[in-house]
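**Q**
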Amino acid sequence: MWKQIEHYFTVYPQRKKIAQKLLEYGVRIAHNSFACGTIELSDSKIARAFDVDRRAVTATRDIIRNEPELFNIFSHLTPTCHLKEVASHLHWGVIEIIPTDPSTPGILADVATIIAKHHISIRQAIVDDFEFTEEPRLFIITETQLPGTLLPRIKAAKGVKAVLIY
């Protein structure tokens, strides 16, 4: 997706950074402001959070509002709750997969199959978009901690370069 729209932001690096962060956090354009779910965010708060000038935030919003292709994308974003940091408090497992090539199809399917064959339920799977994340990862949160015996099997799965379990 990013390759389809990045040309709108290439002239101004701050606008590009802002657009990428909006996508990363699921911050959408709502009316003439930004929103995270139903929570409205001011240009100033976005600027502070992304460490950019407020005027660049305003200009980025204006570009998005005036380009139908961009508006169709950025007006439909939703934030996602990432359970990675709270999993240990709930006694769940976290698997972080580092892919050999993140565009390889089937990495999630192979790892999920290995986990399912051991009757472990997956609570969440989140994959970083390889088009705008430098080192994309696959995070799988499981209902129970994984037994150490699964680590070699997961590491041997299609497209897996490394595995971290925590």
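For the sequence shown, position 96 matches number 96 in the working numbering, and the numbering has no gaps at all.
Idealized CB from N, CA, C, for every residue including glycine.
With a threshold of 6 angstroms on Cβ separation, who are the neighbours of residue 159 within its own chain once the five nearest residues in sequence on each side are excluded?
**A** The answer, listed in chain order, is 99, 100, 104, 107.
**Q** Tell me, please, whether the segment 78 to 96 touches the segment 123 to 139 by the rule of three or more beta-carbon pairs shorter than 8 angstroms.
**A** They touch, by the three-pair rule.
**Q** Please report how far the alpha carbon of residue 5 lies from the alpha carbon of residue 140, in whole angstroms.
**A** Distance between the alpha carbons of residue 5 and residue 140 is about 29 angstroms.
**Q** Return helix, strand or coil for residue 24, following the three-state DSSP convention.
**A** Residue state, collapsed to three classes: helix.
**Q** With respect to the beta strand (DSSP E) encompassing residue 161, which residues constitute its N-terminal and C-terminal limits?
**A** Its beta strand (DSSP E) spans residues 160 to 165.
**Q** Our contact map puts residue 157 next to residue 95 with C-beta atoms below 8 angstroms; I'd like the distance itself, whole angstroms only.
**A** At roughly 11 angstroms, the Cβ-Cβ gap does not stay under 8 angstroms, so residue 157 and residue 95 are not in contact.
**Q** Per DSSP, what are the beta-bridge partners of residue 83 in this structure?
**A** Answer is none; residue 83 lacks a bridge partner.
**Q** Straight-line CA distance for residue 135 to residue 144?
**A** Approximately 27 angstroms between the Cα atoms of the pair.
**Q** Need the endpoints of the alpha helix (DSSP H) that residue 59 sits in, please.
**A** Residue 59 -> alpha helix (DSSP H) spans 54 to 66.
**Q** Which residue from 55, 48, 132, 39 puts its Cα closest to that of residue 24?
**A** Comparing Cα positions, the closest option is 132.
**Q** Can you look up residue 103 in the DSSP assignment and give me helix, strand or coil?
**A** Three-state result, residue 103: coil.
**Q** Which residue comes first and which comes last in the alpha helix (DSSP H) that contains residue 50?
**A** Where residue 50 is concerned, the enclosing alpha helix (DSSP H) stretches over 43 to 50.
**Q** Does the separation of the CB atoms of residue 9 and residue 16 fall below 7 angstroms?
**A** It is a contact, given that the beta carbons lie within the stated cut-off.
**Q** Taking one C-beta from the segment 24 to 33 and one from the segment 58 to 78 each time, how about it: are there three or more such pairs within less than 8 angstroms?
**A** They touch, by the three-pair rule.
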